[in-house]
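Chain order of the listed sequences is P and A.
Just so it is clear: in the first sequence, position 58 is 58 by the numbering used here, and no numbers are missing.
Just so it is clear: in the second sequence, position 34 is 34 by the numbering used here, and no numbers are missing.
Every residue, glycine too, gets a C-beta built ideally from N, C-alpha and C.
Note that the structure is a prediction, hence the values are computed from the model and not measured.
These notes concern the structure reproduced below.
Number of protein chains: 2
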Amino acid sequence: MSKRNIRADISYDGSGFCGWQMQKNGRTVQGDVEKALEKMHGFRVPVTAAGRTDSGVHALGQVINFRTELDSIPSDRWALALNSYLPGDVQALSSREVPEDFHSRYDARSRTYRYYLFQGPVPIPVYRNYALFVRKTLDVRRLNEYARCIIGEHDFTTFAVPRDSSRTRVRNISSAAFFMDGPFIVFHIEGTAFLWRMVRSLVGTILELEKQGKGPEEFRRILEAGNRQGAGATAPAWGLYLYKVRYDR
Amino acid sequence: MSKRNIRADISYDGSGFCGWQMQKNGRTVQGDVEKALEKMHGFRVPVTAAGRTDSGVHALGQVINFRTELDSIPSDRWALALNSYLPGDVQALSSREVPEDFHSRYDARSRTYRYYLFQGPVPIPVYRNYALFVRKTLDVRRLNEYARCIIGEHDFTTFAVPRDSSRTRVRNISSAAFFMDGPFIVFHIEGTAFLWRMVRSLVGTILELEKQGKGPEEFRRILEAGNRQGAGATAPAWGLYLYKVRYDR
């Protein structure tokens, strides 16, 4: 029996999950998706994702793939079929058949994350799990002076967690910018790949330096120093969204 | 000892509450606010609100008032003081002293509600508790033809729940309009007061008539008929926000 390789683009509210990756204790997105597939197949079907998001991190465009022998469901109807087995906080947006060797993680050419900041005099409860509240009036043009330092190929050791076991901490960032979106300031960053918690560390450091009035030159110095001690506090998970994953094919 | 009358503007995420009004079972906003005040005073302090929102309904500008003998807290610091005793899903935005006879409910001159619709090909999990997902592509100009029928003084019996015990079902609506806001279509309605579940019934009926291609003339006929049978299904609570309350003084 031939198996189809199905790609599904999924979205989730990270608030109720201990991240993407299956673990012994706690609910995970991978766990819920594999449970849905198990109900449909009668046996366990492993799922791969482009980005293994942390606990509390949301996704608007996570990409997963899995192999199936179920012929009764057309490839583009897999999203709908999955949704009838998934809870409301994780849903498939679309689905299609991809080449047999397509791998959602290894084939990803770039990942885009967004970090949402909500600026106001006081925190608004409905935003509390979806954007970081910041009291100070931030200037987007000024924030973009920091963002520009990130663009290009850099060793991001400063923004890596100490126990990061990546072979190299060099990453290539093709775009990084802040923009206004209604009551939010959004940090948009695209790169081939990211170190664990790197986006949150970048955001936390920029906010801290700006608060201290240190400026983008100091940020560049910290980035180039490659010393974790230079980084500010890691920004919380709930402001972060895996926004988009790009592939060549 | 003289008591000050404190007005506080508060905001809450209705998802975790069984509405505003205290009840035997289930968590309520009134219950949480009165618990916070009890911790500060050592005894129960009753609180009045402008609008008794239903279970799941959010508030961006609910207004409450209560009387206090605590002299240690300046009137404009009550918001901050309350927040240190309140959970993250209900927060005070501002506070100030008001005349001794100010009553947040009876003195309200108008209330403004907003209803959020999220239009897309598929539901997005992060919006699921904050906007009603609608699949059809709605036309804001067309929706506003319905909204215009609501403006003015009308008997809203069609949009009242059968057990509504109001003395009169005539209400005066000063503005009603739909507008786009990012990925949302927002219904904005201001009136002196509203019948119980009236806004949700208006929204549900407009969506149903538009889906069936019936048009604003049919909506006007249903409104004027004063017959509950004419109304569509009541739109769900999670799309509704108490947005603003106005006072003469």
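First through last residue of the beta strand (DSSP E) which encompasses residue i
{"i": "P:Phe133", "result": "Leu132 to Val134"}
{"i": "A:Leu242", "result": "Leu240 to Tyr247"}
{"i": "A:Glu97", "result": "Val90 to Val98"}
{"i": "P:Ala235", "result": "It is not in any beta strand (DSSP E) - P:Ala235 carries neither H nor E in the DSSP assignment."}
{"i": "P:Leu117", "result": "Ala108 to Gln119"}
{"i": "P:Ala231", "result": "No beta strand (DSSP E) holds P:Ala231; DSSP gives it neither H nor E."}
{"i": "P:Arg4", "result": "Arg4 to Tyr12"}
Contacts of residue i in chain P (Cβ-Cβ under 9 Å)
{"i": "A:Ser11", "result": "Val122, Pro123, Ile124, Pro125 and Val126"}
{"i": "A:Gly182", "result": "Asp181 and Gly182"}
{"i": "A:Asp164", "result": "Neighbours of A:Asp164 on chain P: none; closest Cβ ~28 Å, over 9 Å."}
Alpha-carbon to alpha-carbon, residue j and residue i
{"i": "A:Leu37", "j": "A:Arg44", "result": "7 Å"}
{"i": "A:Phe102", "j": "A:Asn5", "result": "7 Å"}
{"i": "P:Leu240", "j": "A:Ala177", "result": "33 Å"}
{"i": "P:Thr112", "j": "A:Val126", "result": "18 Å"}
{"i": "P:Gly215", "j": "P:Tyr146", "result": "8 Å"}
{"i": "A:Arg135", "j": "A:Asp13", "result": "25 Å"}
{"i": "P:Gly61", "j": "P:Tyr243", "result": "5 Å"}
{"i": "A:Val98", "j": "A:Arg249", "result": "9 Å"}
{"i": "P:Phe156", "j": "A:Asn144", "result": "52 Å"}
{"i": "P:Glu217", "j": "P:Glu190", "result": "22 Å"}
{"i": "P:Asn129", "j": "P:Trp238", "result": "5 Å"}
{"i": "P:Glu210", "j": "P:Gly51", "result": "29 Å"}
{"i": "P:Asn83", "j": "P:Gln91", "result": "6 Å"}
{"i": "P:His58", "j": "A:Val29", "result": "27 Å"}
{"i": "A:Phe118", "j": "A:Met180", "result": "10 Å"}
{"i": "A:Glu252", "j": "A:Gly226", "result": "The question about residue 252 of chain A has no answer here: the residues shown for chain A are numbered 1 through 249."}
{"i": "P:Leu202", "j": "P:Cys149", "result": "11 Å"}
{"i": "A:Pro236", "j": "P:Phe219", "result": "47 Å"}
{"i": "P:Trp20", "j": "A:Leu80", "result": "36 Å"}
{"i": "A:Arg105", "j": "P:Arg27", "result": "43 Å"}
{"i": "P:Leu223", "j": "P:Val170", "result": "12 Å"}
{"i": "A:Thr68", "j": "A:Val33", "result": "14 Å"}
{"i": "A:Val122", "j": "A:Lys35", "result": "40 Å"}
Chain-ordered chain P contacts of residue i [CB-CB under 8 Å]
{"i": "A:Tyr130", "result": "Val126"}
Amino acids of chain P, ordered along the chain, whose beta-carbon sits closer than 7 Å to that of residue i
{"i": "A:His188", "result": "Residues of chain P passing the Cβ test: none, with the nearest at roughly 15 Å."}
{"i": "A:His58", "result": "Val126"}
Endpoints, the alpha helix (DSSP H) within which residue i is located
{"i": "A:Ile222", "result": "Pro216 to Ala225"}
{"i": "P:Leu82", "result": "Trp78 to Asn83"}
Chain-ordered chain A contacts of residue i [CB-CB under 9 Å]
{"i": "P:Asp89", "result": "Pro125, Val126 and Arg128"}
CB contact flag (residue i, residue j, <8 Å)
{"i": "A:Ser55", "j": "A:Cys18", "result": "yes"}
{"i": "A:Ile10", "j": "A:Leu138", "result": "no"}
{"i": "P:Val186", "j": "P:Arg141", "result": "no"}
{"i": "P:Thr158", "j": "P:Arg228", "result": "yes"}
{"i": "P:Gly259", "j": "P:Met22", "result": "Here chain P comprises residues numbered 1 to 249, so residue 259 of chain P is not present and cannot be evaluated."}
{"i": "A:Asn65", "j": "A:Thr53", "result": "no"}
{"i": "A:Val161", "j": "A:Arg200", "result": "no"}
{"i": "A:Thr205", "j": "A:Gly232", "result": "yes"}
{"i": "P:Arg7", "j": "P:Ser95", "result": "yes"}
{"i": "A:Gly250", "j": "A:Pro183", "result": "Absent from the structure is residue 250 of chain A, since the part of chain A shown begins at 1 and ends at 249."}
{"i": "P:Ser166", "j": "P:Leu132", "result": "no"}
{"i": "A:Ile151", "j": "A:Ile124", "result": "no"}
{"i": "A:Ser175", "j": "A:His188", "result": "yes"}
{"i": "P:Asp76", "j": "P:Tyr247", "result": "no"}
{"i": "A:His41", "j": "A:Leu70", "result": "yes"}
Interface partners of residue i on chain A, CB under 7 Å
{"i": "P:Leu255", "result": "The requested residue 255 of chain P is not part of the displayed model; chain P covers only 1 to 249."}
Closer than 7 Å: residue i CB and nearest the ligand GDP heavy atom
{"i": "P:Ala233", "result": "By its list of ligands, the structure shown contains no ligand whatsoever, and the ligand GDP lies outside what it can speak to."}
Query raised in the report: Fully enclosed by the region 139 to 213 of chain P, which alpha helix (DSSP H) runs are 4 residues long or longer?
Result: 140 to 150 and 198 to 211
Query raised in the report: Counting only runs that start and end within the region 29 to 73 of chain A, where is the beta strand (DSSP E) found for 3 or more residues in a row?
Result: 58 to 68
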